[in-house]
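In terms of my numbering, the sequence shown opens at residue 1 and continues consecutively.
Heads up, the beta-carbon is just placed ideally off N, CA and C, and yes, glycines get one too.
Since we're looking at a predicted model, the values are computed, not measured.
First comes the structure, then the notes that go with it.
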Amino acid sequence: MPNIRPVSDLRNYNAVLNEVSYGNPVYLTKNGRGDYAIVNMRELDELRALKGLYGALEKGEASAREKGWISYEDARKALGV
């Protein structure tokens, strides 16, 4: 179950930060609407890495659609394997 707190709870930020752990972010609402999330730094780094990976995969797929795919053998040769 998500941990949702009003942003005003940050007045006692230590209590809020103690509730944050890997895989357990705290979502903050402002005027009753979701506006912010506090996440564990390791989890944030992993999310950023995943975003970069997905971006690179999308770029590769777009290139393949535009320029065509290469065979497995040609890929091995290009990589020197």
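- Query: Taking three-plus beta-carbon pairs below 8 Å as touching, is the stretch 33–46 in contact with the stretch 5–23?
  - Reply: yes
- Look up Val7 in the DSSP assignment and say whether it is helix, strand or coil. Along the sequence shown, one-based indexing puts residue 7 at 7. Helix.
- Message: Mapping the DSSP letters down to three states, classify Asn12 as helix, strand or coil.
- Response: Walking along the sequence shown from the start, residue 12 turns up at place 12. Asn12 falls in the helix class under three-state DSSP.
- First and last residue of the alpha helix (DSSP H) that includes Tyr54? Taking the sequence shown and counting its residues from 1, one reaches residue 54 at position 54. Tyr54 -> alpha helix (DSSP H) spans Met41 to Lys67.
- Item | Pair within 8 Å by beta-carbon distance, Tyr27 and Asn3 | Looking up residue 27 in the sequence shown gives position 27. Looking up residue 3 in the sequence shown gives position 3. Taking 8 Å as the Cβ cut-off, Tyr27 and Asn3 qualify as a contacting pair.
- Query: At which residues does the alpha helix (DSSP H) containing Tyr83 begin and terminate?
  - Reply: As displayed, the chain neither begins before 1 nor continues past 81, which places residue 83 out of reach and without an answer.
- Query: Thinking just about the alpha-carbon of each residue, which of Glu19, Leu10 and Asn14 is nearest to the one in Met1?
  - Reply: As a position in the sequence shown, residue 1 is number 1, starting the count at 1. Of Glu19, Leu10 and Asn14, the residue nearest in Cα terms is Glu19.
- Item | Beta-ladder partner(s) of Leu28, from DSSP | Counting from one through the sequence shown, the residue named residue 28 turns up at place 28. Leu28 is bridged to Arg5 and Tyr36.
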